[in-house]
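A.B. asks:
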Amino acid sequence: MKLILSSADFRNDLSAAVIREHLPKPIGECSLLFLPNEHARHDVIRSGKFHRRMAEFGFDPARVSVFDAKVPDLTRDLHPDVLYISGGNTFRMAEIYRNAGFDREIVRMVNEGTVFVGGSAGAHLVTPDFSHAARYDEVPEGFTDFSGLSLFPRILICHFSEERQAHFEELKKGSSFPVTAIGNDGCIVFDNGSTEAYGTVLS
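Following the numbering used here, the numbering of the sequence shown begins with 1417 at its first residue and continues without gaps.
1) Taking only three categories from DSSP, how would you classify Leu1602?
2) Which same chain residues, not among the five before or five after Pro1477, have their C-beta less than 6 Å away from its C-beta?
3) From the DSSP output, which residues share a beta bridge with Glu1612?
4) If you draw a straight line from the alpha carbon of Arg1580 to that of Ala1549, how long is it in whole angstroms?
5) By a C-beta neighbour count over all protein chains shown, 10 Å radius and 16 as the cutoff for buried, is Glu1521 buried or exposed?
6) Leaving out the 5 sequence neighbours to the left and right, which residues in its chain are closer than 6 Å to Gly1385 when beta-carbon positions are compared?
7) List the whole-angstrom C-beta distance separating Ala1539 from Leu1421, where the pair is believed to meet the contact cut-off of C-beta under 8 Å.
8) Using the beta-carbon count (16 or more within 10 Å), is Asp1484 buried or exposed?
9) Between which two residues does the beta strand (DSSP E) holding Phe1532 run?
10) Quick check: the Cα distance between Phe1593 and Pro1544, rounded to an integer number of angstroms?
11) At 4 residues or longer, and completely inside the region 1424-1495: list those alpha helix (DSSP H) runs for me, N to C.
12) The alpha helix (DSSP H) that contains Val1498, what's its start and end?
13) How many angstroms separate the CA atom of Phe1606 from the CA atom of Tyr1552?
14) What did DSSP end up calling Asp1519 once you bin it into helix, strand or coil?
15) How many whole angstroms separate the CB atoms of Leu1449 and Leu1419, which I take to be in contact at a CB cut-off of 8 Å?
16) Mind reading off the beta-carbon distance from Gly1534 to Val1542? Whole number of angstroms is fine, and I expect it under 8 Å.
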C-alpha cells in the first residue's frame, strides 16, 4: 500500500516531483482514476476538461478515467495504477463518495496495489478522522460522520503556516491520533507502514 499525501499535489514543484518519483511507472504510462471535487458537474466531466487537466500533469488522457457521481458504476471495479483526489471541501467530497458507495472502492483499490495520490482534502479523506477540518471547510447540514478511511494512521493539517500553528498544537494535545502538519511545499510518502517526508512536514 502506497499513499502520497500533500497540500498542493501537482500545483507545487516539490510535491509534484515527489509524486512522479514514487509512481509505479513513468507518469505517461500510468492508468489513472481521478476523483474530482464537489464542484465537478456531469457535463463538465463529459467535456473532457479533467482529462486535459491530467494531461497537463503528464498523464496520457487515453489512460485516464474520471469518477462521475451521476454514473459511479462506470468507474467501479477498476484496477488503475494511480488513484488521485485533489483539493476541495473535505466533508462534501466524503459525502459524495459515500453516497455512491465509492469510499469502499477507494479502500479496495489501495489495498490491491493502486498508488493513492491525495492533495489537501484528498489527503484528509484517507486519515482516521477529519473533524478538525471544520476549522477551514464548511460542514454540510446534517453531516455527522467525520471518520476517514483510516488508510493513513495520522491526522493531517494541510496548508500549514504560522496561522495554523496554534491549531496544530491544540490538536497534538487533544487528539486521539498523532498529528502531522504539511506545508504547501510538503509531501509525505507512506509505503507499507514506512513514512518519508519532503519539504515542510511537522509532527
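Quick reminder that beta carbons are idealized off the backbone N, C-alpha and C, glycines included. All figures in this text were calculated on a predicted structure; none of them were measured in a lab.
C.D. replies: On the basis of the coordinates in this document:
1) Here the sequence assigns Gly to residue 1602, which means Leu is not the residue at that position. Gly1602: coil per DSSP, three-state reduction.
2) Excluding sequence neighbours, Pro1477 sits near His1467, Ala1471.
3) Residue pairing by DSSP places Glu1612 opposite Val1605 in a beta bridge.
4) Cα to Cα, Arg1580 sits roughly 11 Å from Ala1549.
5) buried
6) The requested residue 1385 is not part of the displayed model; the chain covers only 1417 to 1619.
7) 4 Å
8) buried
9) Counting along the chain, the unbroken beta strand (DSSP E) around Phe1532 starts and ends at 1531-1535.
10) 8 Å
11) Runs found: 1429-1438, 1458-1462, 1465-1473.
12) Element bounds for Val1498: not the alpha helix (DSSP H) but the beta strand (DSSP E), 1498-1501.
13) 25 Å
14) helix
15) Not a contact, Cβ separation roughly 15 Å.
16) 6 Å
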